[in-house]
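First up is the structure itself, then whatever we jot down about it.
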Amino acid sequence: MTENNAGLVTRALTKTYMRGNTPVHALAGVDLTLPQGTQVAIMGPSGSGKTTLLHCLAGVLRPSSGSITLDGEEMTTMSERALSTLRLRRFGFVFQDGQLLPELPTQENIAMPLMLAGTPKSEAIARAREILANLGLDGAGPYRPGQLSGGQAQRVAIGRALATNPSVIFADEPTGALDQATGGEVMSLLTSACTSTGASLVLVTHDPAVAARLPHTIHVRDGRVSLEGRGSGAPSPAPASSGTTPGASTVAG
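Residues in the sequence shown are numbered consecutively from 0, following numbering that gives the first Met the number 0.
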């Protein structure tokens, strides 16, 4: 797979915040190549830049400098409207607390991204019911999030993330509010869903046991990254573009 269609690619990515008069370099020249279908965890100590990296990759936060491309298309120069459309159609999101809309039935929570993208409600609801059945929640469509257990609610959140058949699912501590057994079930569901659909999975976690479920881990410290691979397809260094700092890495899909 060439870099032009290699899924998510960053080159010389930086993000700097100001803390009073002091610049804080949350990301310092990050070069990554994440081919389509990659499943990777992001780990690092508090304040290391791991959440900033996730938000930049997901188009939620604009970097200070550098490049982010999805299948060769530059994200950093997109208008806010174009970036919003890309997030809606190409990305799915799973959060620690689910962030489901409490006033809507689960089937409408799942259908929401589709309806926002222009799918007629009847078709979106039919797709949501199909997803619920695939998640082992057949019949739960009329229930509201408050009527579900924590594990069931995260299944619904995963269903919502899958609704538009995204290229990438971004998950921010998706098991952080769950007990170990339920968290394991949610991770199994999330990874198998991404495998079956071909979506990439980029997941932030503080839990080494969660990270160990994925074939690759990005370690972030002081705004710089290193990669760890497990099993086949271990990551290898990637050539940095001119003027970048060390730390360019490729993850084999």
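Where is the CB? At the ideal position from N, CA and C, for every residue including glycine. Computed from a prediction, not measured in an experiment: that's the story for all the values here.
Q | Beta-carbon contacts of P141 that lie in its chain and below 6 Å, excluding the five residues immediately before and after | A | The residue labelled residue 141 in the question sits at position 142 within the sequence shown. For P141, where only same-chain residues beyond five positions count, the Cβ hits under 6 Å are P104.
Q) Taking just the CA atoms, how far does L7 sit from D30? A) On the sequence shown, position 31 is the one that residue 30 refers to. On the sequence shown, position 8 is the one that residue 7 refers to. Straight-line Cα distance between these residues: approximately 11 Å.
Q) In three-state DSSP terms, what is G6? A) Here residue 6 refers to the residue found at position 7 of the sequence shown. Note: G6 maps to coil in three-state DSSP.
Q. Who does R89 pair with in a DSSP beta bridge?
A. Start at 1 with the first residue of the sequence shown, and residue 89 comes out as number 90. Answer is none; R89 lacks a bridge partner.
(Q) If I follow the unbroken alpha helix (DSSP H) through A192, where does it start and stop? (A) The residue you call residue 192 lines up with position 193 of the sequence shown. It spans 179-196 - the alpha helix (DSSP H) in which A192 sits, taken as one unbroken run.
Q. Where does S199 fall in DSSP's three states?
A. Looking up residue 199 in the sequence shown gives position 200. Correct three-state label for S199: strand.
Q: Following the continuous alpha helix (DSSP H) through T174, name the residue where it begins and the one where it ends.
A: On the sequence shown, residue 174 is found 175 positions in, with the first residue counted as 1. No alpha helix (DSSP H) contains T174, which DSSP labels as neither H nor E.
Q: Go through its chain and collect everything with a Cβ distance to A116's Cβ below 8 Å, but skip five positions before and after it.
A: Here residue 116 is taken as the residue at index 117 of the sequence shown, counted from 1. Cβ within range, chain order: L87, R88, T163.
Q. Between the C-alpha atoms of A152 and P144, what's the straight-line distance to the nearest angstrom?
A. Here residue 152 is taken as the residue at index 153 of the sequence shown, counted from 1. Here residue 144 is taken as the residue at index 145 of the sequence shown, counted from 1. About 6 Å.
Q: Give the straight-line distance between the Cα atoms of S66 and T76, rounded to the nearest whole angstrom.
A: Walking along the sequence shown from the start, residue 66 turns up at place 67. Walking along the sequence shown from the start, residue 76 turns up at place 77. Cα to Cα, S66 sits roughly 9 Å from T76.
Q | Boundaries (first-last residue) of the beta strand (DSSP E) holding M42 | A | As a first step, residue 42 is located in the sequence shown; it is residue number 43 there, counting from the start. Taken as a continuous stretch (DSSP letters only), the beta strand (DSSP E) holding M42 covers 38-42.
Q. From A25, P62, Q146, pick the residue whose C-alpha is nearest to that of T324; which is it?
A. With the chain covering only 0 through 252, there is no way to say anything about residue 324.
Q. Under the DSSP definition of a beta bridge, which residues are partnered with H205?
A. Along the sequence shown, read from residue 1 onward, the residue named residue 205 stands at position 206. DSSP, once it has assigned bridges, lists no residue as partnering H205.
Q. When the Cα atoms are used, what is the spatial distance from D171 to G150?
A. What you label residue 171 is simply residue 172 of the sequence shown in a count that begins at 1. What you label residue 150 is simply residue 151 of the sequence shown in a count that begins at 1. A direct Cα-to-Cα measurement between D171 and G150 gives close to 15 Å.
Q.
Can you tell me where the alpha helix (DSSP H) holding P22 begins and where it ends?
A. In the sequence shown, the residue the question calls residue 22 occupies position 23. Residue range 21-33 is occupied by the beta strand (DSSP E) that includes P22, with no alpha helix (DSSP H) assigned at that position.
Q: Go to R154, then tell me how far its alpha helix (DSSP H) extends in each direction, as first and last residue.
A: Here the question's residue 154 lines up with position 155 in the sequence shown. For R154, the uninterrupted alpha helix (DSSP H) run begins and ends at 149-161, by DSSP.
(Q) Across the stretch 197-214 and the stretch 18-29, are there enough close Cβ pairs to call them in contact, namely three or more that are closer than 8 Å? (A) no
Q) CB G222 to CB G48, shorter than 8 Å? A) On the sequence shown, position 223 is the one that residue 222 refers to. On the sequence shown, position 49 is the one that residue 48 refers to. Yes, these two residues count as a Cβ contact at 8 Å.
Q. Can you name, in chain order, every residue of its own chain whose Cβ lies under 7 Å from the Cβ of A160, other than the five neighbours on each side?
A. Start at 1 with the first residue of the sequence shown, and residue 160 comes out as number 161. Cβ neighbours of A160 beyond the five flanking positions: G91, F92, V93, I168.
**Q.** Same chain, Cβ closer than 7 Å to D137, neighbours up to 5 away in sequence not counted
**A.** Counting from 1 along the sequence shown, the entry for residue 137 is found at position 138. Hits under 7 Å: L131.
Q: State the Cα-Cα distance for the pair G158 and N20, rounded to the nearest angstrom.
A: Taking the first residue of the sequence shown as 1, we reach residue 158 at position 159. Taking the first residue of the sequence shown as 1, we reach residue 20 at position 21. About 44 Å.
Q: For L60, collect the residues of the same chain with a Cβ closer than 6 Å to its Cβ; drop the 5 residues on either side in sequence, then sort them by chain order.
A: Position 61 of the sequence shown holds residue 60. So the list reads H54, once near-sequence residues are dropped.
Q: Whole angstroms is fine: what's the gap from P119's alpha carbon to L113's?
A: Within the sequence shown, numbered from 1, the residue matching residue 119 stands at position 120. Within the sequence shown, numbered from 1, the residue matching residue 113 stands at position 114. Taking the straight line joining both Cα atoms gives about 8 Å.
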